[in-house]
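Numbering (our numbering), first residue to last: 13 to 408. Okay, structure first, notes after.
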């Protein structure tokens with residue numbers, strides 16, 4: 013009996029459900045940091061190649077796989093790297109690598125895309141794939157400016173019509189999917205301000221540059237300046253994570269450093285922000301007789317979901333999970349290098365619910381992150397169905 017493609021996707025993923033959960037636990041137990049995802053790449057390559065995909069390994073880590081025929085190509089992306097975070101879950105499949113954990117759910121992303129590959133491979137075998145699907149198993153999402161830049165440089169989205177991805181959301185129940193048209197995440201940059209002065213005794217601040225006082229001014233005044241120099245609707249947020257200066261209470265140090273992140277909701281403001289920050293830092297420290305060196309690392313642009321692509325995601329959610337599975341989600345101040353792809357081709361990202369209904373709500377980038385493992389199969393079905401939906405509509 014011939015099955016409808018959506019039914020076939022569900023049937024294939026359900027058949028491999030236990031295997032996919034075991035793969036997720038294996039990856040969770042063996043996390044690899046950015047640009048070191050060698051074992052993960054090997055494991056994924058073996059499974060995807062066995063499902064009939066044409067696999068191309070990338071220059072460092074990660075891989076691109078493709079299946080199908082024709083001129084139209086849609087892409088599905090998963091990130092593979094872990095974080096330098098200690099796993100404190102205590103689960104039997106907790107990380108075996110000290111100080112490294114899949115605390116952002118990339119193990120789920122990787123396995124969900126692998127499951128989609130198994131399902132789409134079966135669809136292609138039955139001649140029901142109306143075009144080509146390209147899988148992007150991407151390394152190094154967790155470092156700026158992100159591994160997406162390398163994939164783009166290697167031609168990974170050449171000829172791609174649309175690109176899609178998912179991201180775990182521990183604030184959304186499993187079986188539900190968060191969708192949003194327009195901005196989904198923010199731009200995210202890193203900033204480090206180093207101050208240099210002559211140093212001296214705290215009893216004679218007038219004879220030296222009071223570097224510690226100047227450093228404090230940078231930490232408080234820079235966010236204040238941006239609130240007046242930039243459109244408040246851009247949602248510019250400067251948050252410091254590191255302040256270092258001095259080693260004795262009666263000594264004015266000769267150097268100090270403050271570092272943090274700049275997050276911006278608006279892409280236009282993102283392009284203007286660095287210039288304004290550089291001007292502001294120089295002006296802030298000028299009265300205190302110290303000099304400032306600014307290291308500004310532009311990170312990633314906002315993820316902006318294109319309207320038609322978001323409708324494709326919604327159709328896939330409806331087909332696989334029903335009309336009540338779609339929920340709205342707010343724009344996040346988190347950064348995601350998926351934005352680099354969307355700078356070049358239309359696409360969209362969905363928020364995959366990973367919270368057990370009635371259970372605890374965890375946070376990303378925390379060592380206690382747990383996911384409801386039913387989300388693995390759900391993610392596989394949604395990614396595969398999204399590819400079919402995208403190929404079933406008119407091109408750009």
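Beta carbons: idealized from backbone N, C-alpha and C, even for Gly. Remember, predicted model here, so these are calculated numbers, not experimental data.
Of the residues the options, the one placed nearest residue i, counting alpha carbons only
{"i": "residue 173", "options": "96, 143, 123 and 186", "result": "143"}
{"i": "residue 288", "options": "241, 252 and 79", "result": "241"}
{"i": "residue 402", "options": "314, 199, 373 and 177", "result": "177"}
{"i": "residue 181", "options": "399, 353 and 340", "result": "340"}
{"i": "residue 89", "options": "82, 78 and 97", "result": "78"}
{"i": "residue 361", "options": "190, 217 and 271", "result": "190"}
{"i": "residue 382", "options": "371, 58 and 155", "result": "371"}
{"i": "residue 331", "options": "376, 265, 396 and 312", "result": "396"}
{"i": "residue 265", "options": "80, 220 and 98", "result": "220"}
{"i": "residue 302", "options": "263, 206, 112 and 36", "result": "206"}
{"i": "residue 343", "options": "228, 316 and 137", "result": "316"}
{"i": "residue 123", "options": "112, 165, 246 and 150", "result": "150"}
Residue i versus residue j - alpha carbon distance
{"i": "residue 292", "j": "residue 284", "result": "13 Å"}
{"i": "residue 188", "j": "residue 146", "result": "25 Å"}
{"i": "residue 94", "j": "residue 378", "result": "12 Å"}
{"i": "residue 267", "j": "residue 211", "result": "8 Å"}
{"i": "residue 83", "j": "residue 27", "result": "31 Å"}
{"i": "residue 156", "j": "residue 251", "result": "17 Å"}
{"i": "residue 69", "j": "residue 169", "result": "15 Å"}
{"i": "residue 406", "j": "residue 171", "result": "For residue 406, the predicted model reports a pLDDT of 49, less than 50, meaning its position is unreliable; a value from the coordinates is still stated below. Near 15 Å, if we compare the C-alpha coordinates of residue 171 and residue 406."}
{"i": "residue 271", "j": "residue 161", "result": "24 Å"}
Residue i: first and last residue of the uninterrupted beta strand (DSSP E) it sits in
{"i": "residue 332", "result": "Run containing residue 332: none in the beta strand (DSSP E); it sits in the alpha helix (DSSP H), 319-333."}
{"i": "residue 366", "result": "359-367"}
{"i": "residue 146", "result": "144-150"}
{"i": "residue 394", "result": "Taken as a continuous stretch (DSSP letters only), residue 394 belongs to no beta strand (DSSP E), being part of the alpha helix (DSSP H) at 386-403."}
{"i": "residue 308", "result": "303-312"}
Close-in-space but distant-in-sequence residues of the same chain around residue i (CB under 7 Å, 5 per side omitted)
{"i": "residue 29", "result": "389"}
{"i": "residue 59", "result": "126"}
{"i": "residue 134", "result": "20 and 24"}
{"i": "residue 355", "result": "313"}
{"i": "residue 104", "result": "none"}
Min CB distance residue i to chain B below 8 Å
{"i": "residue 290", "result": "Included in the structure is just one protein chain, with no chain B present."}
Where residue i falls, given that 16 or more other Cβ within 10 Å makes a residue buried
{"i": "residue 412", "result": "Because the chain here runs from 13 to 408, residue 412 falls outside it and cannot be looked at."}
{"i": "residue 385", "result": "buried"}
{"i": "residue 50", "result": "exposed"}
{"i": "residue 118", "result": "buried"}
{"i": "residue 179", "result": "buried"}
The alpha helix (DSSP H) enclosing residue i, as first and last residue numbers
{"i": "residue 21", "result": "17-27"}
{"i": "residue 201", "result": "No alpha helix (DSSP H) holds residue 201; the beta strand (DSSP E) holding it covers 199-208."}
{"i": "residue 74", "result": "Note, residue 74: premise wrong, no alpha helix (DSSP H); not H, not E."}
{"i": "residue 180", "result": "Premise fails: residue 180 lies in the beta strand (DSSP E), 174-185, not in any alpha helix (DSSP H)."}
{"i": "residue 91", "result": "Where residue 91 is concerned, there is no enclosing alpha helix (DSSP H), although the beta strand (DSSP E) it sits in stretches over 85-91."}
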